[in-house]
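In my numbering, the protein residues as written are 733 to 1591.
A virtual CB, placed ideally from N, CA and C, is assigned to each residue, including glycine.
Reading through the structure tokens given below for one structure.
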């Protein structure tokens, strides 16, 4: 009805609200109940395009505030509803006038402007008007959120439209889209997908393969009902990806239930499921992983489960756990697992943590890049293969005897380590005393963060999950993640030490592991492939890059020269182009003897260091760092002090940890007779029953000399041993990629580097990383006022400490020969380290490469 003064008075006095058709120009169109809040011009234009393409009625109503005395001021009515719709309508009229539209069109617009529904409300104060305006806008938002279709809703809407059009002979997607487009107003919203021809075709495909199935639809609708408009299925691209990757209804159901399981167990959230994560370009995504996990689960049921001796009831329960809902239900109380034999418990642990978990997804994806065949995958993934092997071994041992409940086995621990359970994280409280912790005001935490950042900058630890005899694809893919290897144009160094490439299966303290030609071949091929297979030159494919070096230490076994050279082949078996330069590393005779219980006859005090390059070494003559009187042009390095097992640089662990570090893959069988002296030697014992992780480790001075003499821009250690190379690379500011033997090796080694670096930062005799401010801080906060790692401070060191406390760079400190750029400033009063304002361009470039090494963007 049109506005009536009598009806207005009656309605307002009885109900306080009155609605009627009125003139839009009665409003104060420039006024706002929320003054100062800008209006988004793009949003107004979008409304104009969608709501007012031509003369159209104003949908809804405009709310205006009137005083308690009901007095009206036409032309100055105070609007409290959102302004954008009226502005869109007025802009449409403006554009029609400017375009010279026909008089009939303009008169139609006039009619619409004079018949806008206006809602009059009694609102007395400015504050009440403000809150009414905010609440009316929020009401629109809530209604939109509730009414907007998700992809699932839009699919059913289009299917219903198809059914209604089939009666008139229209059924094709293109015809249906044209009919839809002619009758439906397209929306412009980031919460609703635009209906295009491709959208219509995809919707019908999703319905025919997924939503049309009652069982599959139920799984989707459970997620929709639980998570609403934040559902994982809010976008058509997600549903389409599931249909695209899952070729059968059974696989589609598996994927849908996996998504639901990961959401319910809070291992992932709805926002984690996007096109980028589900089906990324040029790599394996979540859908590839889930489809493979279905194969992995079926392998466990068909190949492993039958080998376990179980009652019929137990076998039925374990088989039922392949359904995610049943697994969640049974895992609410795990006491029932105590009735199972140990092999079955291991089977359940793997199923829960690996198949239905996410902790091992990175490990699985890495191998999945090389192969999706289940048998090849198991052969290429050491962790999975060993877990399955342990289940089989336990099952064989259990045959014919009753199983008694017992604690977790080493395989169970290993499976948990694969999934990131447990670990060897180093916290600040482990590195400082209780007194220091109590007195810390945040400064030590800042220094701890500074130390972790330094390690992240220069060290990257990865795990070689394949066997020595397997192809290098998975390892190369893992190395390729560190894209700095492919992008650095300067020399890269792969250092392979044959005497620590595994451990001898017996008498390891006196016997070296046999030379592993296949292991070296695998490392070399992976290194070359990760270095972009020799660069852009087609003639250098599978060849070393110019300037790159592969170094091999032979452990004093000079007869392996031929085998070492024969390890450098292409995948086809053809030898790579290489030039060998031999060096002799000389060790001090007395120090070598310290590693033996008794010395009889001759002592081997040398080992060969072979440097392989594509065209020959190009060395600059300069003095060696640690051996006066010799230069980098000499073929002898030394004499080097061989460190005893009691030296602080010797890394020791408990036998159980060491077993998990090497795994069965890297315990190398030895043959032949043991020399008489070795056979009579007793294995040395150490406190806490620990033993050296690597009996034949190389001293840090050797690594320091190699970094100084050959000046690589990045080092790859295949395989890594202990903390020594990491510490030398940190001191030399050279990126290091350490290839670890196992996940346990990676975790334990990372912890070792942290402990060693924290100690070195307090030790004045290690000037490359010494932090006098930290040393003084720990000394002052210790109970006796001294630091056990800090020597008596000399006057010059005091001067540097004072400068560090004041936040100044120690300009008088010695800089590394490789680079010479200024150090980053140290934190003041707990602040995080910041880059020096005077950092050189070379340092900036180095930091950019380091960021890529750590997988960080340059943004």
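Decide if residue 1290 is buried, meaning its Cβ has at least 16 other Cβ atoms within 10 Å, or exposed.
Taking every protein chain shown into account, the CB of residue 1290 has fewer than 16 other CB atoms within 10 angstroms, so this residue is exposed.
With 16 as the cutoff for other CB atoms within 10 Å, does residue 806 come out buried or exposed?
By the neighbour-count rule (16 or more Cβ atoms within 10 Å), residue 806 is not buried but exposed.
Beta-carbon gap between residue 1053 and residue 1062 smaller than 8 Å
It is a contact, given that the beta carbons lie within the stated cut-off.
Quiz item: Excluding sequence positions up to five away, which residues of its chain have a Cβ less than 6 Å from the Cβ of residue 1544?
Solution: With a pLDDT of 38 at residue 1544, under the threshold of 50, the modelled position of this residue cannot be trusted; read the value that follows with caution. Around residue 1544: no qualifying Cβ.
Environment of residue 738 [buried if 16+ CB atoms lie within 10 Å]:
By the Cβ neighbour-count rule, residue 738 is exposed, with fewer than 16 other Cβ atoms within 10 Å of its own.
(message) Contact defined as beta carbons within less than 8 Å: I believe residue 1176 pairs with residue 1187. What is the distance between those atoms, to the nearest angstrom?
(response) With 8 Å as the limit, residue 1176 and residue 1187 do not qualify as a contact, their Cβ atoms being about 17 Å apart.
Nearest to residue 1106 by alpha carbon, out of 1157, 1031 and 1058? Checked all of 1157, 1031 and 1058; the closest Cα to residue 1106 is 1031.
Boundaries of the alpha helix (DSSP H) in which residue 1106 is found, first to last residue:
Where residue 1106 is concerned, the enclosing alpha helix (DSSP H) stretches over 1106-1112.
Checklist entry - Roughly how many angstroms lie between the CA atoms of residue 1247 and residue 1006, to the nearest whole one? => result As the crow flies, the alpha-carbon of residue 1247 is around 48 Å from that of residue 1006.
| Residues near residue 751 by beta carbon distance below 8 Å, same chain, minus five either side | Cβ within range, chain order: 793, 849, 850, 851 and 852.
Could you work out which residue in 950, 1161, 1038 and 1276 is closest to residue 1124 when comparing CA atoms only?
-> Of the listed residues, the one whose Cα sits closest to residue 1124 is 1038.
Residue 799 versus residue 868 - alpha carbon distance
Computed Cα separation, rounded: 19 Å.
>> Per DSSP, what are the beta-bridge partners of residue 1313 in this structure?
In response: Looking at the DSSP output, residue 1313 shares a beta bridge with 1343.
- [ ] Determine the closest residue to residue 708 out of 835, 810, 1338 and 846, with distance taken between C-alpha atoms.
- [x] The displayed coordinates of the chain run from 733 to 1591. Any statement about residue 708 would go beyond what the structure contains.
Q) Which partner residues does residue 1385 have in the DSSP bridge list? A) BP columns for residue 1385 point to 1423.
* Asked: For residue 816, which option in 1035, 791 and 833 has the closest C-alpha, if you only look at C-alpha atoms?
  -> For the options 1035, 791 and 833, the alpha carbon positioned closest to that of residue 816 is the one of 791.
Enclosing beta strand (DSSP E) for residue 1447 [first to last residue]: Here the beta strand (DSSP E) through residue 1447 covers 1446-1450.
message = Once the 5 residues before and after residue 736 are set aside, which same chain residues still bring their CB inside 6 Å of it?
response = No residues qualify anywhere along the chain.
Exercise. Just checking my contact of residue 1483 with residue 1158 at CB under 8 Å: how many whole Å lie between their CB atoms?
Worked result: Sure, about 5 Å apart at Cβ, within 8 Å.
Specify the secondary structure class of residue 751 as computed by DSSP and reduced to three states. Under the three-state reduction of DSSP output, residue 751 falls in the strand class.
Quiz item: Any idea what DSSP makes of residue 856, helix, strand or coil?
Solution: In the three-state reduction of the DSSP assignment, residue 856 falls in the coil class.
The beta strand (DSSP E) enclosing residue 1193, as first and last residue numbers
First-last of the beta strand (DSSP E) with residue 1193: 1191-1195.
- Query: What are the complete beta strand (DSSP E) segments, minimum 3 residues, inside the segment 791-834?
  - Reply: Taking only runs of at least 3 residues, the beta strand (DSSP E) segments lying wholly in the segment 791-834 are 794-798.
(message) Can you find the residues in the same chain that come closer than 7 Å, C-beta to C-beta, to residue 1302, ignoring five residues on each side of it along the sequence?
(response) Closer than 7 Å at Cβ, skipping near neighbours: 1274 and 1308.
| request: Could you work out which residue in 1378, 1377, 1356 and 1323 is closest to residue 1369 when comparing CA atoms only? | output: Taking only the C-alpha atoms, the option nearest residue 1369 is 1356.
Can you tell which of 1432, 1056 and 998 has the C-alpha that lies nearest to the C-alpha of residue 1025? Nearest C-alpha to residue 1025: 1056.
In chain order, what are the residue ranges of uninterrupted alpha helix (DSSP H) at least 4 long that sit wholly in the segment 851-909?
For the segment 851-909, whole alpha helix (DSSP H) runs of length 4 or above, ordered along the chain, are 858-879 and 883-898.
Original post:
Thinking just about the alpha-carbon of each residue, which of 1454, 753 and 1345 is nearest to the one in residue 1382?
Top reply: Selected option, being the one with the closest Cα: 1454.
- Message: Please report the distance separating the alpha-carbon of residue 876 from that of residue 1476.
- Response: Distance between residue 876 and residue 1476, taken at the CA atoms: about 52 Å.
- Message: With H, G and I counted as helix, E and B as strand and the rest as coil, what does DSSP make of residue 1048?
- Response: In this structure, residue 1048 counts as helix in the three-state DSSP scheme.
Close beta carbons around residue 1087, own chain, < 8 Å, minus the five adjacent residues each side:
Within the same chain, Cβ atoms closer than 8 Å to the Cβ of residue 1087 are found at 1025, 1028, 1029 and 1032, the five residues on either side in sequence being excluded.
### Query
Using CA coordinates, which residue listed in 1287, 1280 and 1192 is at the minimum distance from residue 1374?
Taking only the C-alpha atoms, the option nearest residue 1374 is 1287.
* To do: Answer yes or no: do residue 1392 and residue 1470 have a C-beta to C-beta separation smaller than 8 Å?
  => No.
Cβ atoms of residue 1317 and residue 1338: under 8 Å apart, would you say? A contact, by the Cβ cut-off of 8 Å.
- Message: Taking only three categories from DSSP, how would you classify residue 1101?
- Response: Taken through DSSP and simplified to helix, strand or coil, residue 1101 comes out as coil.
Among 958, 960 and 936, the one whose alpha carbon lies nearest that of residue 972:
In this structure, 936 is the residue among 958, 960 and 936 with its C-alpha nearest to the C-alpha of residue 972.
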